[in-house]
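Numbering (the working numbering), first residue to last: 914 to 1975.
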């Protein structure tokens, strides 16, 4: 019988309720937070009982030895019990919450932004969401209930006329998108916004909301939303419906629509109701926002946080048109609502030990105000200073009666700067100015940012009033103090008690959202739905996430601070403060230094804060990163360091490996090592000044470094040596051709690891081999698993598994470059330089103070060495004039950029040929007007994609075309021999390397040495190629000039020839 519990003496008792219990268990080395679900409430049982058999069925291991028992999950200790008077007693660090199933229909009504009870009932009936423990009957039982916030916030309006039949056939997401601007609002939001922009996908009904300060920001908001939607869905926005407001009819918006191939549809004059879908969306969002503000009692200036949260809940609420939620329509997955909380409810944010003194409270008071996009974090409005922080460790008290917040309790944002000598928490930081926007996150709601499922430590605090819940059989019961512990949906962090030594002089803030730290227990199951997690700060603590679809004024135009004073004094001060806190937490937990009195005669190495806004491939902000670096340029060789060299992988190695991966259909995954340089072991004794803003103990207290830190001259070398040692443990060796390429054998198959400082690529046959390398590295370092490689070192990797190709591009970087110089809409050129165009030193000098020639050419140069061999010749020619550019050179550089404006999608594609390695070498005789030196050009293709290329002036003047071609062949030979060695490590077929040339005279010189005046002056170095040909390592063959693809590396070509080579 369900709910019947029979004891050993035959007595049977019945469970009167069912719910969730959260236990804080004592385990070796600390405490473990464990959440159990499906726990029976049996009033007649005087003690709490834990079922060993249920735990084992759920995948846990229960071990009994020498009077002690442990419950293990994936090797981690979840619980420990000791034998006492014949029974095993679980040791708890805190009180056990007797939890009952007290989630009510009213509570879910409030959690989901005051959605209608009939809608909620249909959601429960259809099973279109997960994580809601209330039945349809319970929701319908509340239909007659009067919800005061709903009455105050929702008004009846005359409905719009019936929707006209769409002129656009909607068959998939983004075929038709509606948009509107709502505002101005009566009061400026906390972040300074007066309007919000809505974007609604007609097919899925998923909507995106972005608060803005002024209507002129609409164009940039739409472009950002469209980019994100197109990236996430793989579809293209075809048509956009809006009213005839000036914000939608200006020249910039129309140009943006034209460039994207979007059909613009507008309403008839004076008939905004024809934009009914967007108008209705705005109305519903306004109603929900008013109800949420009324329910919470928070001031009206919190409307932006409320409207974004209202939209978040709307996307996860049933839509009657298709009987599903917008989230499911777009992703195909049912949303999990278990992380939903009542907006504006009182909340308590945990303050990590490393950011508080022993006598300070462990939590700070405030209110829950939303969900952080693209992360498992929650947005928390801190009471004492009005700052909005992101945290994963939050207790939400959903039992407080509606409207209980007094507006005056919410402090206005303060802007005091921290001052030395104060206790942590005395000086309040400036409140955050950014407003969150609705995310378009196609992962499951309970996935972490790395795609894995993590439980989040978020609890619903004990109710402060009697709560009635339905028990089995329809009876009711009542309790005065009902604690509800919600089943977590993302991982929390374990507090590291060993982090000691420094405290901040301004208020402590929470850790940023992130994935599981190294050594932390992963989410497990103890009984169906039971999960266990650690209580430490998130692994990616140094990452403070912000909305992925930011408005221009709140994202695209943000400036990276150049100093600590600028960071703490600017509009984003709170974000940067939290980012610095996260960096300090990582340093302290890593044991990077210890505080000591400054030894006599020692000059500590100065330090500084470096700030970076990290963006993804689409240009959206991912995080605000603060890094503490030492001023290593002040170190003295022989005193502070000895050797400093550390290898990084060549771009050629990366491209060659991509060719192998594409052709053999291997798996390719990416890892990121958090604070990699902090893992290096120091051989020297080095003292460093204390970090600015975190000083302790006076000016005579310094940091004695125990591990390397960014900025130290020896840090890169120490990190590489550490990584090499750890990879050596699984018998991976460094390649002789590239010391940053490691190879090993796992389960009989070759595995490759390419390292670029802290970014790592792993290639192997089958994911099980990848998993073994990842597991080993994760044991040794704090590693973030990014899954299949898609964006590496600023390069996008687009893969077609069916065609066995990988395309390497830099679209984002190209568009950023064009935007920097105002060339986004410039007329595109068909070639980088005009055919026959010859640059020379003579000309009108360029005002480099006004025209940043070096910066532009430098940016072009980076593209040319990574993914754009088609501009290598043009950029190489421009780079010769860095010291004294002319106006002609500037115009030519802009011409190359204009060529890129029409070819941003171009890159290098691997896998289009079955030939493992082939080369082409060519020369342009006496092409340089100033020196009359010739230009060498060569390219080597690996499985059809350019892996190595070069376009450069020859070191000496050639007397003839033959000599120029001969020297070009010799340069190609040196590269070919290195590639031949690399191919051995990549297990490409060995043997002779084929190189093609288009000059018969040069080929004859290679095969038949001729003594004559015209060849004696050629440097002896170039003759080594004849020896390599004779030994069978290289083979040169003739190819007609029209088929010479290396021609593009030697001189400007006409459009037809250029396209043939490209």
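Note that beta-carbon positions come from the ideal geometry of N, C-alpha and C, so glycine has one too.
No experiment lies behind these values; they were computed from the predicted model shown.
*Could you tell me whether the region 1812-1826 touches the region 1712-1731, where touching means 3 or more Cβ pairs closer than 8 Å?*
Yes, they touch.
*Is DSSP giving residue 893 helix, strand or coil here?*
Because the chain is modelled from 914 through 1975, residue 893 falls outside the range shown and cannot be assessed.
*Could you check the C-alpha separation between residue 1136 and residue 1169 for me, to the nearest Å?*
8 Å
*Between the beta-carbon of residue 1284 and the beta-carbon of residue 1222, is there less than 8 Å?*
yes
_Cβ contact (3+ pairs, closer than 8 Å) linking the region 1188-1206 and the region 1158-1175_ = no
*Taking residue 1702 as the reference, which of 1032, 1954 and 1585 has the closest Cα?*
1585
*Of all Cβ atoms in chain C, is any one closer than 8 Å to the Cβ of residue 1840?*
Although the question refers to chain C, the structure presented lacks it and comprises just one protein chain.
*Quick one: residues in its chain with C-beta nearer than 7 Å to the C-beta of residue 1330, no 5 flanking neighbours on either side, listed in chain order?*
Unreliable placement is indicated for residue 1330, whose pLDDT of 30 sits below 50; the coordinate value is still reported in the next sentence. Closer than 7 Å at Cβ, skipping near neighbours: 1481 and 1482.
*How many Å lie between residue 1075 and residue 1234 at the Cα?*
Low confidence applies to residue 1075: its pLDDT is 46, below 50, so where it sits in the model is not reliable, and the reading given next is rough at best. Here the C-alpha atom of residue 1075 lies approximately 14 Å from the C-alpha atom of residue 1234.
*Mind checking whether residue 1982 and residue 1258 have CB atoms under 8 Å apart?*
Lying before the first or after the last residue shown, residue 1982 is absent from the chain, which here runs from 914 to 1975.
*What does DSSP give as the partner residues of residue 1594 in its beta bridges?*
DSSP, once it has assigned bridges, lists 1620 as partnering residue 1594.
*CB-CB length for residue 1612 against residue 1497, believed under 8 Å*: With a Cβ gap of about 19 Å, residue 1612 and residue 1497 do not count as contacting.
*With respect to the beta strand (DSSP E) encompassing residue 1584, which residues constitute its N-terminal and C-terminal limits?*
1580-1586
*Whole beta strand (DSSP E) runs in the region 1079-1156 with 3 or more residues, listed along the chain?*
1089-1095, 1108-1114, 1120-1125 and 1152-1155
_residue 1573 - containing alpha helix (DSSP H), residue span_ = 1564-1577
_Assigned secondary structure, residue 1965 (DSSP; H/G/I helix, E/B strand, else coil)_ = The three-state secondary structure of residue 1965, taken from DSSP, is coil.
*Select from 1516, 1042 and 1878 the residue whose C-alpha is nearest the C-alpha of residue 1850.*
Closest option to residue 1850, Cα to Cα, is 1878.
*Return the Cβ separation of residue 1826 and residue 1962 in integer angstroms, given the expectation that the two are a contact with Cβ distance under 8 Å.*
The beta-carbon separation of residue 1826 and residue 1962, rounded to 19 Å, does not stay under the 8 Å limit for a contact.
*Alpha carbon to alpha carbon, how far is residue 1024 from residue 1052? Give it in angstroms, no decimals.*
Rounded to the nearest angstrom, the two C-alpha atoms are 13 Å apart.
*Between which two residues does the beta strand (DSSP E) harbouring residue 1179 extend?*
Its beta strand (DSSP E) spans residues 1176-1179.
*Please determine, among 1711, 1587, 1719 and 1713, the residue with the shortest C-alpha to C-alpha distance to residue 1670.*
1587
_Quick check: the Cα distance between residue 1117 and residue 1243, rounded to an integer number of angstroms?_
6 Å
*asked:* Going by C-alpha to C-alpha distance, which of 1655, 1872, 1651 and 1917 sits closest to residue 1644?
replied: 1655
*Separation of residue 942 from residue 955, as counted between CA atoms*: 33 Å
*Quick one: grab the DSSP three-state call for residue 1758.*
strand
*With DSSP run on the structure shown, which of helix, strand or coil describes residue 1917?*
Shown here, residue 1917 sits in a helix according to DSSP, grouped into three states.
*Give a yes or no on contact between the region 1944-1952 and the region 1784-1791, applying the rule of three or more CB pairs nearer than 8 Å.*
no
*Can you give the beta carbon distance from residue 1666 to residue 1699, rounded, assuming they're within the 8 Å contact cut?*
No, residue 1666 and residue 1699 are not in contact; Cβ-Cβ is about 14 Å, not under 8 Å.
*Just tell me which of 1130, 1797, 1676 and 1819 has its CA closest to the CA of residue 1663.*
1676
*From which residue to which residue does the beta strand (DSSP E) around residue 1956 run?*
For residue 1956, there is no enclosing beta strand (DSSP E), as DSSP marks it with neither H nor E.
*State whether the region 1197-1213 contacts the region 992-1001, with contact taken as three or more CB pairs (one from each stretch) at a distance under 8 Å.*
They do not touch, by the three-pair rule.
*asked:* Pull the bridge partners of residue 995 from the DSSP assignment, please.
replied: Paired residues: 981 and 1002.
*Would you say the region 1710-1722 touches the region 1615-1624, given that touching needs at least three Cβ pairs under 8 Å?*
no
*residue 1286 to residue 1303, Cα distance in whole Å?*
10 Å
*Where does residue 1175 land, buried or exposed, given buried means 16+ other C-beta within 10 angstroms?*
buried
_Whether or not the region 1874-1890 and the region 1797-1809 are in contact is what I'm after, with contact meaning three or more pairs of Cβ atoms, one per stretch, closer than 8 Å; do they touch?_
Contact fails: fewer than three Cβ-Cβ distances are below 8 Å.
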